[in-house]
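Residue numbers (my numbering): 10 to 140. Even for Gly, the Cβ is constructed at its ideal location relative to N, Cα and C.
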Amino acid sequence: MGDYQVRTFKVDGVQLEDNQITYDKTTKMLSYKFPQTTNSTAKIEFNTRLTMAEFKGGTTKKNTANVLNDRNEHVGSAEGTVTWAPNWGRKYAKEHKRKDNNNNEISESFRKDNNGNYFIDWEIEFNKKGL
10 MGDYQVRTFK
20 VDGVQLEDNQ
30 ITYDKTTKML
40 SYKFPQTTNS
50 TAKIEFNTRL
60 TMAEFKGGTT
70 KKNTANVLND
80 RNEHVGSAEG
90 TVTWAPNWGR
100 KYAKEHKRKD
110 NNNNEISESF
120 RKDNNGNYFI
130 DWEIEFNKKG
140 L
């Protein structure tokens, strides 16, 4: 997982102070001790940071949550994996349709002008929904 971002740790929607949790930057282990034993569901949320290289080029992050009892014994766990795969845009050669000698329509990624010169017309899309 990426580096924990301070002041983002929440339990059941309530933001906790960073002195209520422990974070080891070397191991990237984030720890929290619930104040009492409970059988109810708890939802924990926190943010981690992507490096600029990960943000631009993509990455897969995996983390594991372990639940320990008062005797520090493992009683449960859950894993999560997320893939960030940005698609900032796309570039392609514009299709040009023309008729061949048999009057069949063909599609080509280039065009020829009246002087015999060949061209490729590029189209580039950025920030299009779905990219």
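Distance, residue j Cα to residue i Cα
{"i": "Pro-95", "j": "Asn-110", "result": "44 Å"}
{"i": "Gly-22", "j": "Asp-79", "result": "24 Å"}
{"i": "Glu-82", "j": "Ser-49", "result": "19 Å"}
{"i": "Pro-44", "j": "Ser-86", "result": "19 Å"}
Own chain, CB closer than 8 Å to residue i, minus 5 neighbours either side, in chain order
{"i": "Phe-135", "result": "Trp-97 and Gly-98"}
{"i": "Asp-12", "result": "Lys-34, Lys-37, Thr-57 and Arg-58"}
{"i": "Trp-93", "result": "Leu-59, Glu-63, Phe-64, Gly-67, Thr-68, Thr-69 and Lys-70"}
{"i": "Phe-18", "result": "Gln-24, Leu-25, Asp-27, Gln-29, Ile-30, Leu-39, Tyr-41, Ile-53, Glu-54 and Phe-55"}
Contact belief for residue i with residue j at Cβ below 8 Å, rounded distance in angstroms
{"i": "Asp-33", "j": "Arg-16", "result": "About 18 Å; that fails the 8 Å criterion."}
{"i": "Ala-153", "j": "Val-84", "result": "Past the boundaries of the shown model lies residue 153; the chain is included only from 10 to 140, so the question cannot be answered."}
Residues near residue i by beta carbon distance below 6 Å, same chain, minus five either side
{"i": "Gln-9", "result": "Given a span of 10 to 140 for the chain in the structure shown, any question on residue 9 remains unanswerable."}
{"i": "Glu-88", "result": "Thr-73"}
Best match in the options for proximity to residue i [C-alpha to C-alpha]
{"i": "Met-10", "options": "Arg-120, Thr-68, Leu-77 and Trp-131", "result": "Thr-68"}
{"i": "Val-76", "options": "Gln-29, Lys-100, Ile-53 and Asn-112", "result": "Ile-53"}
{"i": "Phe-119", "options": "Asp-130, Gly-125 and Gln-29", "result": "Asp-130"}
{"i": "Lys-103", "options": "Asn-113, Asn-126, Val-84 and Ile-133", "result": "Ile-133"}
{"i": "Ile-115", "options": "Lys-121, Arg-107 and Asp-122", "result": "Arg-107"}
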